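Colleague: Chains A and B, in that order, are what the protein sequence lines are. Numbering of the first sequence is given in our numbering, commencing with residue 44 and proceeding in unit increments. Numbering of the second sequence is given in our numbering, commencing with residue 7 and proceeding in unit increments. Heads up, the beta-carbon is just placed ideally off N, CA and C, and yes, glycines get one too. Quantities reported herein were computed from a predicted structural model and do not represent experimental measurements.
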Amino acid sequence: MRVLAAMSGGVDSAVAAARAVEAGHDVTGVHLALSKNPQSYRTGARGCCSKEDAHDARRAADVLGIPFYVWDLSDEFAADVVDDFVAEYAAGRTPNPCLRCNEKIKFAAVLQRGITLGFDAVCTGHYARLTSGPEGIEMHRAADTDKDQSYVLGVLTQDQLAHALFPLGDSLKSEVRAEAERRGLAVADKPDSHDICFIADGDTAGFLDRRLGSRPGPIADTDGTTIGQHDGTHHYTVGQRKGLRIGTPAADGRPRYVLDISPVTNTVTVGPREALLVREISGIRPTWTDRPVVGPWRGQVQVRAHGEPVTAEIAYAGDRVVARLDEPIAGVAAGQALVSYRGSQVVGSATISETVS
Amino acid sequence: MAPVSRTYLDHAATTPLVAAAIEAMAAQWGTVGNPSSLHASGRAARRVMEESREQVAELLGARPAEVIFTSGGTEADNLAVKGAYGARARPQGRRRVVVSSTEHHAVLDPARWLGSSAGADVTEIGVDPVGRVDLDALSRIVDDRTAVVSILWANNEIGTVQPVPEIAEIAHRAGAWAHSDAVQAVGHLPVDFAASGLDLMTVTAHKLGGPVGVGALLARRDIGLEPVQHGGGQERDVRSGTLDVAGAAGFAAALAIAIASQAAERERLESLRAGLVTAVLAAAPDAVVHGPSDPDERLPGVLNVELPGCSADALLLLLDAAGIDCSTGSACTAGVAEPSHVLLALGRTERQAGSALRFSLGHTSSQADVDALAVALPEVLTRSRAFGGVVG
Chain A
44 MRVLAAMSGG
54 VDSAVAAARA
64 VEAGHDVTGV
74 HLALSKNPQS
84 YRTGARGCCS
94 KEDAHDARRA
104 ADVLGIPFYV
114 WDLSDEFAAD
124 VVDDFVAEYA
134 AGRTPNPCLR
144 CNEKIKFAAV
154 LQRGITLGFD
164 AVCTGHYARL
174 TSGPEGIEMH
184 RAADTDKDQS
194 YVLGVLTQDQ
204 LAHALFPLGD
214 SLKSEVRAEA
224 ERRGLAVADK
234 PDSHDICFIA
244 DGDTAGFLDR
254 RLGSRPGPIA
264 DTDGTTIGQH
274 DGTHHYTVGQ
284 RKGLRIGTPA
294 ADGRPRYVLD
304 ISPVTNTVTV
314 GPREALLVRE
324 ISGIRPTWTD
334 RPVVGPWRGQ
344 VQVRAHGEPV
354 TAEIAYAGDR
364 VVARLDEPIA
374 GVAAGQALVS
384 YRGSQVVGSA
394 TISETVS
Chain B
7 MAPVSRTYLD
17 HAATTPLVAA
27 AIEAMAAQWG
37 TVGNPSSLHA
47 SGRAARRVME
57 ESREQVAELL
67 GARPAEVIFT
77 SGGTEADNLA
87 VKGAYGARAR
97 PQGRRRVVVS
107 STEHHAVLDP
117 ARWLGSSAGA
127 DVTEIGVDPV
137 GRVDLDALSR
147 IVDDRTAVVS
157 ILWANNEIGT
167 VQPVPEIAEI
177 AHRAGAWAHS
187 DAVQAVGHLP
197 VDFAASGLDL
207 MTVTAHKLGG
217 PVGVGALLAR
227 RDIGLEPVQH
237 GGGQERDVRS
247 GTLDVAGAAG
257 FAAALAIAIA
267 SQAAERERLE
277 SLRAGLVTAV
287 LAAAPDAVVH
297 GPSDPDERLP
307 GVLNVELPGC
317 SADALLLLLD
327 AAGIDCSTGS
337 ACTAGVAEPS
347 HVLLALGRTE
357 RQAGSALRFS
367 LGHTSSQADV
377 DALAVALPEV
387 LTRSRAFGGV
397 VG
């Protein structure tokens, strides 16, 4: 196959590209310049796509003997990922930008470009497994459960998966690093980037403050009584316990948690942990790895990137997926993805819109 | 990777070493001696350096004392622009620097830097749609507060040749110094320093079949440049540093061949260029050819074409895959292809400039190169247009 390997400059995408070459594919490396003003050097482990990262990707391509290009997708990324991220926070939700990037950039914008240029697939260093099942392509959790990224890939459709290659799905991270070393890839020792790639200093609150400004409003308890002030609902996420600047402790002395964020009234509602527990989660704008599953069927759902999956009865009607959990869980935030699994296999993804206690 | 089967159409970026240059350099590599040393080994090296200097001077219509060897064209341009400004701004109240909007970055960037960091008043003169400098505008701008005027002899991206003697005259009427980066012109057009009227002229070896790493700034002896590089006082105290003796020998040897073959090469390249134009227009009848159409007003070996609906990212990848080396605009440090400032100065939009390719011919070019392009272009263009369709 002619494979377009997305190379971030990190060890995972470098080894993924190496494996694609070894598998006999005709591989071309591409580094995606996504930042509007990239820093020259990477500062520590956070963030991504500085010029140093582009350089690291280039050198990995040299070692592999493959062509290498840098594509500027910063406009698309700004509109589809960054602006969406800010808009979601402004709407009182907690977005997952990596999901949006996979959905709109890596397996859309990049894939479309690749197909016009004659490529058959986009290869990335994501940890997920693709197999051929009786019904079509199946996506399963990766062998390395700590690194498993099926959650952020859950939004991909059958058509997108037909053009995807995830060579690392069967490997542990430690094996991947060792392999990088064996192959002479200098990035073997490079630390993983984490948090949000476009917020290099890790200060999400500061980033949102600059984009949204300060919008003070009340922090209220479940009765509606104002018990504090906030500087912007974008500083909070459902389930959050720390950083609630409430002057007085709760009557019962127990910690309070963010229960709800209402952008309309600009109010953050807090309360005891029990009030956080939800039994039913609705998700809108569903996508399906294969075909829609109406159900009701029993499976597992995962509601945050490295969250524990929980068993639920899942049904799809109208425009929403509803999961009724066997056991309640705490801290489910609107805007995150509700990804459903049948064992290790991803069934679909939806954006969490509502929860019921 | 695999240089053997590639079709190299990027001679304006750099061109293969000619055999005579390799021989001249190889003859020096086995020797030892710093040309600044006073002993016999040093004097032997010094002699090779001075013979190279004399040869370069003669070939370019200059005196040996007017040749300042540098590490290449960029250094020579920096020395000319910064050296002229440094010598004249404070002592003579001449703080204006005039360049064209289509200068190579090796002239543009030092000028802009002087503007932002050294208090220079920098003016970038516009050009007409085929890249010719507006001489009336130039006359109005160049005044008795102007330190230096710098205009490319021949543009590396679109090939436009400027009227250098007229420009030098405009500069001199106002007491300004005239500099021209002649890096692309030498070897393709007749270039005579003395006849040009210029005070300063940049040349470099690697555009002529000589090595990368050596060039020269020709400077009239009464031009007192402020040095950029200080140190041991070499090159008349204007440019300190130990020079590459082997490189200078290679430079001189390559220059000799380039000058001797210039007239014949001009005709040969012009004919190959016509073949490239035919190939491009056959595959893309809507292609836009940039620069003057009159061969007397442009370089014979440079062809810049705009391919509507295509994007540089696609063209680069596809031509590369087809074994063809050519230029798709300049690249920033990260490697992202950026639209050419020269095309933007002609009035093209970013999108138009982003669909342009530069093919450039040189001493190893042949009809086979033209044929290879003709074969590759149709599919490259079909896919590039499809790509252009999805990127919007």
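By the DSSP assignment, the alpha helix (DSSP H) with A/S56 in it spans what residues?
Modeller: Residues V54 to E65.
Colleague: What residue range does the beta strand (DSSP E) around B/A222 cover?
Modeller: From DSSP, the beta strand (DSSP E) with B/A222 extends over G221 to A225.
Colleague: Taking the alpha carbon of A/K233 as the point to measure from, which residue in A/H68, A/P177, A/V58 and A/R156 has its own alpha carbon closest?
Modeller: For the residues A/H68, A/P177, A/V58 and A/R156, the minimum Cα distance to A/K233 belongs to A/V58.
Colleague: Mind checking whether A/L77 and A/V124 have CB atoms under 9 Å apart?
Modeller: Going by C-beta atoms, A/L77 is nearer than 9 Å to A/V124.
Colleague: Interface residues of chain B around A/W114 at Cβ under 8 Å?
Modeller: Within chain B, the residues near A/W114 are D319 and V342.
Colleague: For B/G48 and B/S42, what's the separation of their Cα atoms in angstroms?
Modeller: One C-alpha to the other measures close to 6 Å.
Colleague: Residue range of the alpha helix (DSSP H) that B/V405 falls in?
Modeller: Residue 405 of chain B is absent from the model: chain B starts at 7 and stops at 398.
Colleague: Is B/P9 helix, strand or coil when you go by DSSP?
Modeller: Bear in mind that the predicted position of B/P9 carries a pLDDT of just 48, short of 50, making it too unreliable to give a figure here.
Colleague: By Cβ distance below 8 Å, which residues in the same chain neighbour A/G161 in space, the five residues on each side in sequence not counted?
Modeller: If we look at A/G161 and ignore the five residues flanking it on each side, its Cβ neighbours are R45.
Colleague: Which one of B/S58, B/P116, B/V54 and B/Y91 has the shortest CA to CA distance from B/G79?
Modeller: Among B/S58, B/P116, B/V54 and B/Y91, the Cα nearest to that of B/G79 belongs to B/P116.
Colleague: B/L23 to B/G216, Cα distance in whole Å?
Modeller: Near 5 Å, if we compare the C-alpha coordinates of B/G216 and B/L23.
Colleague: For a cutoff of 9 Å on Cβ pairs, would you count B/V397 as touching chain A?
Modeller: Cβ-Cβ to chain A under 9 Å: yes for B/V397.
Colleague: Using DSSP with H/G/I as helix, E/B as strand and the rest coil, what is A/F150?
Modeller: Residue state, collapsed to three classes: helix.
Colleague: Less than 8 Å between C-beta atoms, sequence neighbours within five positions excluded: which residues of the same chain meet that for B/H178?
Modeller: Answer for B/H178: A184 and G203, listed in chain order.
Colleague: For A/L368, which of helix, strand or coil comes out of DSSP?
Modeller: Three-state DSSP puts A/L368 in a strand.
Colleague: I'd like to confirm the pairing. Which residues does DSSP put opposite A/Y310 in its beta bridges?
Modeller: This sequence places Thr at residue 310 of chain A; Tyr is not what is there. DSSP lists A/S305 as partners of A/T310.
Colleague: Return the residues of the stretch 144 to 157 of chain A that lie within a Cβ-Cβ distance of less than 9 Å from chain B, sorted by chain order.
Modeller: Cβ contacts with chain B: A152, Q155 and R156.
Colleague: Shortest alpha-carbon distance to B/E57 belongs to which of B/A259, B/R101, B/E130 and B/A182?
Modeller: Nearest C-alpha to B/E57: B/A259.
Colleague: Under a Cβ-count criterion, where at least 16 other Cβ atoms within 10 Å of its own Cβ denotes burial, should B/P9 be classed as buried or exposed?
Modeller: Its pLDDT being 48, under 50, B/P9 is placed unreliably in this model, and the coordinates cannot settle the point.
Colleague: Going by DSSP in three states, B/M55 sits in which element: helix, strand or coil?
Modeller: Note: B/M55 maps to helix in three-state DSSP.
Colleague: Measure from the C-beta of A/T200 to each C-beta in chain E and report whether the shortest distance is under 9 Å.
Modeller: Although the question refers to chain E, the structure presented lacks it and instead comprises the protein chains A and B.
Colleague: Run through the DSSP bridge pairs and tell me what B/G216 is partnered with.
Modeller: Answer is none; B/G216 lacks a bridge partner.
Colleague: Output the distance between the C-alpha atoms of A/A48 and B/A318, rounded to the nearest integer angstrom.
Modeller: Spanning the two alpha carbons is a distance of roughly 19 Å.
Colleague: Please report the distance separating the alpha-carbon of B/S3 from that of B/L287.
Modeller: Because chain B here runs from 7 to 398, residue 3 of chain B falls outside it and cannot be looked at.
Colleague: Which full runs of the beta strand (DSSP E) of 3+ residues lie inside the stretch 176 to 239 of chain A, going along the chain?
Modeller: Counting whole runs of 3 or more residues, the stretch 176 to 239 of chain A contains the beta strand (DSSP E) stretches 180 to 183.
Colleague: Any idea if B/W35 is buried or exposed, counting beta-carbon neighbours within 10 angstroms, 16 or more meaning buried?
Modeller: Exposed, by the Cβ-count rule.
Colleague: Return the CA-CA distance between B/M7 and B/H369, expressed in angstroms with no decimal places.
Modeller: Confidence in B/M7 is poor, its pLDDT being 44 and thus under 50, which makes the residue's placement unreliable; the coordinate value appears in the next sentence. The alpha-carbon atoms of B/M7 and B/H369 are separated by roughly 22 Å.
Colleague: Counting only C-beta atoms, is A/G271 closer than 9 Å to chain B at any point?
Modeller: No, its Cβ sits nowhere closer than 9 Å to a Cβ of chain B.
Colleague: Is there a C-beta anywhere in chain B that falls below 9 Å from the one on A/T398?
Modeller: No, A/T398 lies away from the interface with chain B (no Cβ there is under 9 Å from its Cβ).
Colleague: Does DSSP classify A/Y170 as helix, strand or coil?
Modeller: It is coil, neither helix nor strand.
Colleague: Less than 8 Å between the CB atoms is what I'm expecting for A/G391 and A/T332, so what's the real figure, rounded?
Modeller: Contact holds; Cβ gap of about 6 Å.
Colleague: How big is the Cα-Cα spacing for B/P298 and B/K213?
Modeller: Distance between the alpha carbons of B/P298 and B/K213 is about 22 Å.
Colleague: List, in order along the chain, the chain A residues whose C-beta lies closer than 7 Å to that of B/L325?
Modeller: Simply none; closest approach about 11 Å.
Colleague: Between the stretch 366 to 393 of chain B and chain A, which residues of the former have CB atoms less than 8 Å from a CB of the latter, in chain order?
Modeller: So the list reads R389, A392 and F393, given in the order they occur along the chain.
Colleague: In terms of residue numbering, what span does the alpha helix (DSSP H) encompassing B/V283 cover?
Modeller: Counting along the chain, the alpha helix (DSSP H) containing B/V283 begins and ends at Q268 to A289.
Colleague: Which residues of the stretch 298 to 315 of chain B have a Cβ closer than 7 Å to any Cβ of chain A? Give them in chain order.
Modeller: Under the 7 Å Cβ criterion, the stretch 298 to 315 of chain B contributes no residue.
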